[in-house]
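K.L.:
Encoded as structure tokens, here's the structure I'll be asking about.
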Amino acid sequence: MSMIGLVAGLVLAGSAIIAPQPARYIVGVLLVALSAAVLFYRWRRRRAEKVGSRWRFRVRVGGLSAVLAVLIAGVAIVVPWQDRQAEIDSGVIWRAERIPGQVVVVDGTVLRTDAQAGEVSDAVNLADGSVGWSVPDGRWVTSAGDVIAADADGLRSYSSAGEQQWVFELDGGGEQVDAVYAATEGHLVFAECGTSDEETCHFVGIDPTGEQAWERNIEISEAFLGDQSGWRGEVLPEVVVVAQRDTEQAMMIDPVSGEDLGTFDRTGLARHSTYGEVLVAGSGTGSDCQLDGYRIDDGEHLWTIEEVCGDEEVVYPLPTEMAGSDSVMYAVVEEDVERQSVLAITVADGGVEELPEHSLGSMSTHFLRIEDFSAGDLVFGWSTLGVTAARAPTLEQQWQVQAPGLRVRSVVGDSDTVAIVSDAEHPQHNPLVPELPDSDERDVLEYPTYVTVVDANSGETISTTLVPEGVHHVLTLPGHRVLVETFGGMMLVGAE
Numbered sequence: 086m087s088m089i090g091l092v093a094g095l096v097l098a099g100s101a102i103i104a105p106q107p108a109r110y111i112v113g114v115l116l117v118a119l120s121a122a123v124l125f126y127r128w129r130r131r132r133a134e135k136v137g138s139r140w141r142f143r144v145r146v147g148g149l150s151a152v153l154a155v156l157i158a159g160v161a162i163v164v165p166w167q168d169r170q171a172e173i174d175s176g177v178i179w180r181a182e183r184i185p186g187q188v189v190v191v192d193g194t195v196l197r198t199d200a201q202a203g204e205v206s207d208a209v210n211l212a213d214g215s216v217g218w219s220v221p222d223g224r225w226v227t228s229a230g231d232v233i234a235a236d237a238d239g240l241r242s243y244s245s246a247g248e249q250q251w252v253f254e255l256d257g258g259g260e261q262v263d264a265v266y267a268a269t270e271g272h273l274v275f276a277e278c279g280t281s282d283e284e285t286c287h288f289v290g291i292d293p294t295g296e297q298a299w300e301r302n303i304e305i306s307e308a309f310l311g312d313q314s315g316w317r318g319e320v321l322p323e324v325v326v327v328a329q330r331d332t333e334q335a336m337m338i339d340p341v342s343g344e345d346l347g348t349f350d351r352t353g354l355a356r357h358s359t360y361g362e363v364l365v366a367g368s369g370t371g372s373d374c375q376l377d378g379y380r381i382d383d384g385e386h387l388w389t390i391e392e393v394c395g396d397e398e399v400v401y402p403l404p405t406e407m408a409g410s411d412s413v414m415y416a417v418v419e420e421d422v423e424r425q426s427v428l429a430i431t432v433a434d435g436g437v438e439e440l441p442e443h444s445l446g447s448m449s450t451h452f453l454r455i456e457d458f459s460a461g462d463l464v465f466g467w468s469t470l471g472v473t474a475a476r477a478p479t480l481e482q483q484w485q486v487q488a489p490g491l492r493v494r495s496v497v498g499d500s501d502t503v504a505i506v507s508d509a510e511h512p513q514h515n516p517l518v519p520e521l522p523d524s525d526e527r528d529v530l531e532y533p534t535y536v537t538v539v540d541a542n543s544g545e546t547i548s549t550t551l552v553p554e555g556v557h558h559v560l561t562l563p564g565h566r567v568l569v570e571t572f573g574g575m576m577l578v579g580a581e
């Protein structure tokens, strides 16, 4: 029977290697180990009986047989499992269940938001990945990580630690607020616009104590009225920008005083973003398209960039949530929603360089997706696994690093931390690793992936973690840490 068990175990284990099935493999290995131990015991017992050995010798033989069984099982199961598990556990600070919705990092605070529903609801406890605190009726988030809620009483402000700071009561409650449009240094601006037939919005400024600081009525354009959701579920800008009625001008308003700071053109596809103390606006089409920088403190016009568009092309700045930093920003030139080029711009003086396609990203990826190959003012190029970092806009090389796996998928991060996401090879005949589901039964990114955390300044590798279930999204955090949303949950990796 022991020989039959040995053969059966070998068949089970062998078939589980050809078509990986962990349960079948473990049963097969245990059967082989047990059968081998029994055969060894019988062989040694027969030898002992021939020489008339005492029962103590037989006990020792039984012990050796047990050790043999454990060694076989350990070598065949425990050792390969530990080798793979070491890669999976490397650099992991904690694992937790994934929080539904979109997770964003605002000034070191991790929040769950839903821009489509206009909600900001939960904060992630970075000690263990649990929900640290929740805000009922949360709608807006400031650049400091504070959350603004609208409820039956009016507006409520919560700090990035989840503590209520103030309540601003309104007749009719929060439903009277059409949108909150800006927040800076504790000051907040909201608007009451009434129905879409009205031409005037009532703007109100609130100070850091929750008291009204100023109010004014402004005639606004129909385009402004058409987007009364404002910045719900997104990070609020630090300056109010209002599209004025019967003019192709947008007006900047100081959230602290309510005074005008200046105006800029909003012809064509007009978009704007802020970078520290500078607001950059893109406007116009074709030969008339341009980018303009304005100082937020006083509205002074700092610089203009022209002649960057071809016929029917438009240009617009990318917000820092997507790419860039307060010192170096990126702008996209587009035609019919397709990107034609990417510009790297020094925010202080408007110095501009067009990023060359051949030196950025990978030859197998679309280089114009700068969101996938930039971190702060660093941009990245790679050839399979070798990643090179260069500083924009000059593209002076900073460092190089070799990533693990098959190929680099993306390189993202901020001014301090870089996260390299690379595809890992799925073990073809590792019996302890189940086969992947068919491609039509899983997401295209639901594939073994490495996440490598790198110091953005030195290029030093801090940690590398294997994520068998695949990576959905990564976000860098202060302290050389990366929040990884996987298809099985959420994890924090990097420096302890």
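Counting in this note's numbering, the sequence shown runs from 86 upward without gaps.
Just so it is clear, CB atoms sit at the ideal spot from N, CA and C, and this is done for glycine as well.
(1) Do G193 and P563 have their C-beta atoms closer together than 8 Å?
(2) With distance defined between alpha-carbon atoms, name the residue in V365, D501, I233 nearest to F275.
(3) Within 10 angstroms of its Cβ, does Q482 collect 16 or more other Cβ (buried), or is it exposed?
(4) Please classify D566 as buried or exposed, where buried requires at least 16 other C-beta atoms within 10 Å of its C-beta.
(5) Taking all protein chains shown into account, decide if E439 is buried (16 or more other Cβ within 10 angstroms of its Cβ) or exposed.
(6) For a test of the three-state rule: what should DSSP assign to A171, helix, strand or coil?
(7) Could you name the residues of the same chain whose beta carbon sits closer than 7 Å to that of G574, not counting the 5 residues immediately before and after it, in chain order?
(8) When the distance is taken between beta carbons, is V432 closer than 8 Å to H343?
(9) Count the other C-beta atoms from every protein chain shown that fall within 10 angstroms of the C-beta of E204, then say buried if there are 16 or more, exposed otherwise.
(10) Please state if the CB of M337 and the CB of G64 are separated by a distance shorter than 8 Å.
(11) Going by the beta-carbon positions, is the gap between G295 and W225 smaller than 8 Å?
(12) Judging by CA-CA distance, which residue of D263, A268, A474, T227 is the nearest neighbour of V497?
(13) Identify, in the order they occur along the chain, each residue of the same chain with its Cβ nearer than 7 Å to the Cβ of V427, setting aside the five sequence neighbours on each side.
(14) In the DSSP output, what is I547 paired with across the bridge?
(15) So what does DSSP say about G371, is it helix, strand or coil?
(16) Provide the residue span of the beta strand (DSSP E) that contains L470, from first to last.
(17) Return the Cβ separation of V578 and G176 in integer angstroms, given the expectation that the two are a contact with Cβ distance under 8 Å.
(18) T370 to Y401, Cα distance in whole Å?
(19) Answer with buried or exposed for H386, where buried requires no fewer than 16 other C-beta atoms within 10 angstroms of its C-beta.
(20) For A504 and T561, what's the separation of their Cα atoms in angstroms?
(21) Check D457 in the structure and name its three-state DSSP category.
(22) For a quick check, are the C-beta atoms of S206 and G223 less than 8 Å apart?
(23) Does the beta-carbon of D434 have 16 or more other beta-carbons within 10 angstroms, so that it is buried, or is it exposed?
(24) Write down the C-beta distance between A264 and V324 rounded to the nearest angstrom, noting that I regard them as a contact closer than 8 Å.
P.N.:
Well, looking at it:
(1) yes
(2) I233
(3) exposed
(4) Here residue 566 turns out to be Arg, not Asp, going by the sequence shown. Flag for R566 reads buried.
(5) exposed
(6) helix
(7) R180, A181, E182, R183
(8) Rather than His, the amino acid found at residue 343 in this sequence is Gly. No, the Cβ-Cβ distance between G343 and V432 is not below 8 Å.
(9) buried
(10) Residue 64 lies beyond the residue range present for the chain, which begins at 86 and ends at 581; the question has no answer from this structure.
(11) no
(12) A474
(13) Y415, V417, L440, L453, I455
(14) In DSSP, I547 forms no bridge with anything.
(15) helix
(16) Where L470 is concerned, there is no enclosing beta strand (DSSP E), given that its DSSP letter is neither H nor E.
(17) 5 Å
(18) 11 Å
(19) exposed
(20) 7 Å
(21) helix
(22) yes
(23) exposed
(24) Actually they do not touch by this definition, with Cβ atoms about 15 Å apart.
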